[in-house]
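What follows is a set of notes on a single structure, which appears directly below.
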Amino acid sequence: MASSNQGNKQSGGTKNRGFASMDPERQRQIASEGGKAAHQKGTAHEFTSEEARRAGSMSHGNRQSGSGSSRSSSKGNKQ
32 MASSNQGNKQ
42 SGGTKNRGFA
52 SMDPERQRQI
62 ASEGGKAAHQ
72 KGTAHEFTSE
82 EARRAGSMSH
92 GNRQSGSGSS
102 RSSSKGNKQ
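Numbering of the sequence shown is given in the working numbering, commencing with residue 32 and proceeding in unit increments.
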């Protein structure tokens with residue numbers, strides 16, 4: 032019986048816990064604070080123009096603004 036109660040607690044109680052369940056604005060705020068701390072400490076990675084361009088094309092290259100459908104646009108854009 033105890034294990035089924037724990038399962039119920041876990042599935043029902045996780046929606047209000049953790050980083051992923053936070054408001055997106057709060058997530059950005061926390062992530063920004065971490066990035067600022069890393070820069071102040073001197074341990075943050077600073078992208079070159081080429082690295083930034085490559086990273087941007089990998090994360091945003093398959094998206095089209097306003098389309099709302101990423102399936103059709105990602106099939107023909109293999110790298």
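We treat Cβ as the ideally placed atom computed from N, Cα and C, and that holds for glycine.
About 4 Å separates the Cβ atoms of A69 and A75, confirming a contact at the 8 Å cut-off. Assigned with DSSP and collapsed to three states, F78 falls in coil, not helix or strand. In this structure, the straight-line span from the alpha carbon of R48 to that of S63 is close to 20 Å. Annotation: the continuous alpha helix (DSSP H) that includes G66 extends over P55 to K72.
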